Structures are given as C-alpha cells and as structure tokens.
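*Asks:* Here the protein sequences line up with chains A and B, keeping their order.
Under our numbering, think of the first position of the first sequence as 157, with each following residue one higher.
Under our numbering, think of the first position of the second sequence as 32, with each following residue one higher.
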Amino acid sequence: MLASCNSEPTLQQYFVENTESKDFIALDLTTDILKLNKAKVTSEENAALETLKKMNILAFKADEKNPAKFETERSKIKGILKNEKYQELIKVNSGKEGGAVYFVGKDDAIDEFVLFANKNDAGFAVVRVLGDNMTPTSIMTMLSVLKKADLDIEQLKPLQKMVPN
Amino acid sequence: MKKFLITVVLALMPSVFFAQSAFDKYDGLDEVTAVIVNKKMFEMMGSVKSNDKEAQQYMSLVKKLDNLRVFVTSSPKITSDMKLTSSKYLKSAALEELMRVNDGGKNIRIYVKSGGSATKVKELLMFIEGGGKDETVLMSLKGDFDLNDVSALTDNLPGGDALKKGLKGSKGPKGSKGPK
C-alpha cells in the first residue's frame, strides 16, 4: 500500500522536475500580486484571501522542434490528473483544444485547485492554486476581490512569451 | 437462485453501463466540442452563500443537479452516430418524449425521465439535429429537479430558446413551483 502511494507521480514532483527545463515556463505567484489597498478590503474579503497561499504556473510552449515532447508531457500530466485525488469539476474539450478544472480536498475545505488547459499548436499550461481550507464561498469572494484589484503585471511578464505578438 | 442472480445482473447492466459511458465516447473527438460539468461542481456552486435572491434561486436548482454533458458537432458522420446512440439510449433508459419542434430546418427533440410528480424530472435529454451548416447539439442533464426551474439555466445553453419554449408548453403551471 505504502509503496504504491509513493510511486504515484504527483503534480508537485512534476513541477519540480520541469521548472528548469527550457521547454517550460514556470511561474510562482504570491497573493502580493493583488496590489490591494488594505483600507478598501473588508474583513470578510480579507479572511477569504487569507485562505489562499500561492499560485504555481507551469506552461509548455509548443513549437516546430518539440511536438513529440509536447505529446509525452501532455499525456504525463493527463495521467497524473487521473488520480482520484484530483476531483474533476468541469471539462471542456474540442479535440484541438481543451481545459479542465480539478480540486483536491473536501468540498468545504479545499487544499488545491488545478487548472489544465491545452491547445494543439500552442502548448499547455497547468495552474495550481494552493490554499488552506478554501471554501466555495471564499473563492467567490476572492473572485470579486480580483475584479477590483490592480494586478501586478510585472509578476506575469514571463507568460507573455506564450502569447504570440 | 442462480437464474435470479443472472436476471438481476442483466437487468442492472444497462443502467450501470450507460450511467457513465453512453455519450462519453464523444468526449475528446477532434470534431466534437464537449462540455462536462460534474456533480461536485454543482455541489460547490450550490454551497456558495449569497444574499442575492435571484442567485439563491439559481443555487437551489444547481444543488439538485448531478451532471451536465453537452456535445456539439458539425460533422454529419458524428451527427448520425449521435442519432443512433441517443435513440438506443432512450429505449434502454426509458426516457419519454417531452416535445418535438421543427424550427427552420432544425429538428429539436427533448426527452425526459420523470420523477415523482408531473414536473419533477430525473433526466433531461435534448437533441438538436442540425442540417447543413447548423451544428448538432446533444445535451444530457441529470439530477432530481423541477422542469420549471430549468428555464433559469437554459439561457446559457445552446438550444436554450427552444428548451424554454418547450418547457412553457409542458404540463404544470408556468411560473409556480409545482402543485399547490
């Protein structure tokens, strides 16, 4: 039992292994990205934000040279996400491109959200939103905070490479 | 006893088999756009606390849903396959036809599996056969919900208009929640 648990590849391992790889773009975001005016944040919103710890993004950029690697890496991710630990919430798929949202934890105490998006000629991206006992309500609150927050664009710079100009 | 067991297994098989996979084969095909929303998502959405009255109504419906699958394609080959699969499924899962509309070349059919009362539904299946350049839509919604509530959802779905028309024409008083 123990051995089988340990041999399962996890997203955490996958992130660590590929962060340095040249085909990948890795990005760690903290909640500081929301340059929030503390005075404007209600205590309720603040409590919701407290449950959020950080966000890790790992993106694979597909080009002419790496189609084989793209396929292997993408199926590796898909394999990892098949683990029961990742509970699927929504999936959209059109054959050429697709996306899915998973979560880890209990309904009212969510430890992690995983967003997975892929497009055949562009690459794929995995976003891990890590938190501590997040609840559906706190997430909705966070989203509403996001709407009024100024994003610190500097932190997102590396991602621009993904988007063709 | 053995015979009995075999009968039970055979009787259960279609429901077990089809519970998951009747339409799942369309997920991941190049020519099909698939949207799948799972029970967990509905549960989560339903547990969001909100003070907005309209949102609350929406949440209470959402809580009663089990899963939603939508498959859209413009391939004639897959369309005919969907037609076949869904007609097989309708028989095996004992769904009844709720309505049938022919709207500008589009053939829309809605089937339901009814629950306790006239407007209570356990499953809703909609099939829009698109001729020519129109897309074919196959939608399956499972749960334990009221037909009258669904119209709140339909605005955001393909074929929502047709569904709304159909629901208005269906049994059960419009606007009020079931009998009484």
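We put the CB at the ideal spot given by N, CA and C, even for glycine.
These numbers come from a predicted model, not from an experiment.
1) Would you say residue 85 of chain B faces chain A, with C-beta separation under 8 Å as the test?
2) Taking Cβ to Cβ, would you say residue 301 of chain A is nearer than 8 Å to residue 167 of chain A?
3) My output table needs one value for residue 167 of chain B: the three-state DSSP class, helix, strand or coil.
4) Indicate the three-state DSSP secondary structure (helix, strand or coil) for residue 119 of chain B in the structure shown.
5) Could you tell me if residue 198 of chain A is buried or exposed, where buried requires 16 or more neighbouring beta carbons within 10 angstroms of its beta carbon?
6) Using only the alpha-carbon positions, how far apart do residue 130 of chain B and residue 150 of chain B sit?
7) Around the C-beta of residue 279 of chain A, are 16 or more other C-beta atoms found within 10 angstroms, so that it is buried, or is it exposed?
8) Does any residue of chain B bring its CB to less than 8 Å from the CB of residue 161 of chain A?
9) Hey, would you say the C-beta of residue 210 of chain A is under 7 Å away from at least one heavy atom of the ligand SAH?
10) Is residue 274 of chain A buried or exposed, if buried means 16 or more other CB atoms sit within 10 Å of its CB?
11) DSSP puts residue 4 of chain B in a beta bridge; with which residues?
12) Output needed for residue 207 of chain A: all residues of its chain with C-beta closer than 7 Å, excluding positions within five of it in sequence on either side, in chain order.
13) Rounding to the nearest angstrom, what Cα-Cα distance links residue 56 of chain B and residue 170 of chain B in this structure?
14) As a quick exercise: from B:104, B:74, B:142, pick the residue whose alpha carbon is nearest that of residue 124 of chain B.
15) What does residue 151 of chain A reach in chain B if we use C-beta pairs closer than 8 Å?
16) Shorter than 8 Å from the beta carbon of residue 247 of chain A to some beta carbon of chain B?
17) Would you be able to state if there are at least three C-beta pairs under 8 Å between the segment 63 to 76 of chain B and the segment 242 to 253 of chain A?
18) Flag this pair as yes or no: are the beta carbons of residue 251 of chain A and residue 61 of chain B separated by less than 8 Å?
19) Output, in chain order, the set of chain B residues within a Cβ distance shorter than 8 Å of residue 252 of chain A.
20) Between which two residues does the beta strand (DSSP E) carrying residue 54 of chain B extend?
21) Just to confirm before moving on: does the CB-CB distance between residue 87 of chain B and residue 81 of chain B stay below 8 Å?
22) Strictly under 8 Å for the Cβ-Cβ distance: is residue 66 of chain B near chain E by that measure?
23) Any idea what DSSP makes of residue 222 of chain A, helix, strand or coil?
24) What separation, rounded to the nearest whole angstrom, lies between the Cα atoms of residue 202 of chain A and residue 292 of chain A?
25) Within 8 Å (strictly less), CB to CB, does residue 165 of chain A reach chain B?
26) Using 8 Å as the threshold, is the C-beta distance between residue 171 of chain A and residue 212 of chain A below it?
27) Determine the DSSP secondary structure at residue 248 of chain A, reduced to helix, strand or coil.
28) According to DSSP, is residue 104 of chain B part of a helix, a strand, or is it coil?
29) Using 8 Å as the cut-off, can you tell me whether the segment 259 to 269 of chain A makes contact with the segment 172 to 191 of chain A, which would need three or more C-beta pairs spanning the two stretches below that distance?
30) Would you check if the distance between the CB atom of residue 172 of chain B and the CB atom of residue 99 of chain B is smaller than 8 Å?
31) Can the beta-carbon of residue 180 of chain A be found closer than 8 Å to that of residue 215 of chain A?
*Replies:* Considering the structure as presented:
1) Judged by the 8 Å Cβ criterion, residue 85 of chain B is not in contact with chain A.
2) Not in contact: residue 301 of chain A and residue 167 of chain A (Cβ atoms no closer than 8 Å).
3) DSSP places residue 167 of chain B in strand when its eight states are reduced to three.
4) In the structure shown, residue 119 of chain B falls within a helical segment according to DSSP collapsed to helix, strand and coil.
5) Exposed.
6) CA-to-CA, the gap between residue 130 of chain B and residue 150 of chain B works out to about 14 Å.
7) Buried, by the Cβ-count rule.
8) In this prediction, residue 161 of chain A has a pLDDT of 49, which is less than 50 and means its spatial position is unreliable; what the coordinates show is noted afterwards. In terms of beta-carbon proximity, residue 161 of chain A stays away from the interface with chain B, with every pair separated by 8 Å or more.
9) In the structure on display, the ligand SAH does not appear, and there are no ligands present to speak of.
10) It counts as buried.
11) Nothing about residue 4 of chain B can be read from this structure; chain B reaches only from 32 to 211.
12) Answer for residue 207 of chain A: 287, 288, 289, 290, 294, listed in chain order.
13) So the two alpha carbons sit approximately 14 Å from each other.
14) Comparing Cα positions, the closest option is B:142.
15) No answer is possible for residue 151 of chain A: the residues shown for chain A start at 157 and end at 321.
16) Chain B, which has a Cβ nearer than 8 Å to the Cβ of residue 247 of chain A, makes this yes.
17) Contact between the segment 242 to 253 of chain A and the segment 63 to 76 of chain B is present, because at least three Cβ pairs lie under 8 Å.
18) Yes, the Cβ-Cβ distance between residue 251 of chain A and residue 61 of chain B is below 8 Å.
19) Chain-ordered, the chain B residues with CB closer than 8 Å to the CB of residue 252 of chain A read 61.
20) For residue 54 of chain B, there is no enclosing beta strand (DSSP E), as DSSP marks it with neither H nor E.
21) Yes; because the gap between Cβ atoms is below 8 Å, this pair is in contact.
22) Here the protein chains are A and B, and chain E is not one of them.
23) Shown here, residue 222 of chain A sits in coil according to DSSP, grouped into three states, outside any helix or strand.
24) So the alpha carbons of these two residues sit roughly 15 Å apart.
25) Using beta-carbon distances, residue 165 of chain A does not count as an interface residue toward chain B, since no partner is under 8 Å.
26) Yes, these two residues count as a Cβ contact at 8 Å.
27) DSSP places residue 248 of chain A in strand when its eight states are reduced to three.
28) Note: residue 104 of chain B maps to strand in three-state DSSP.
29) Touching, no.
30) In this structure, residue 99 of chain B lies closer than 8 Å to residue 172 of chain B by Cβ.
31) Going by C-beta atoms, residue 180 of chain A is nearer than 8 Å to residue 215 of chain A.
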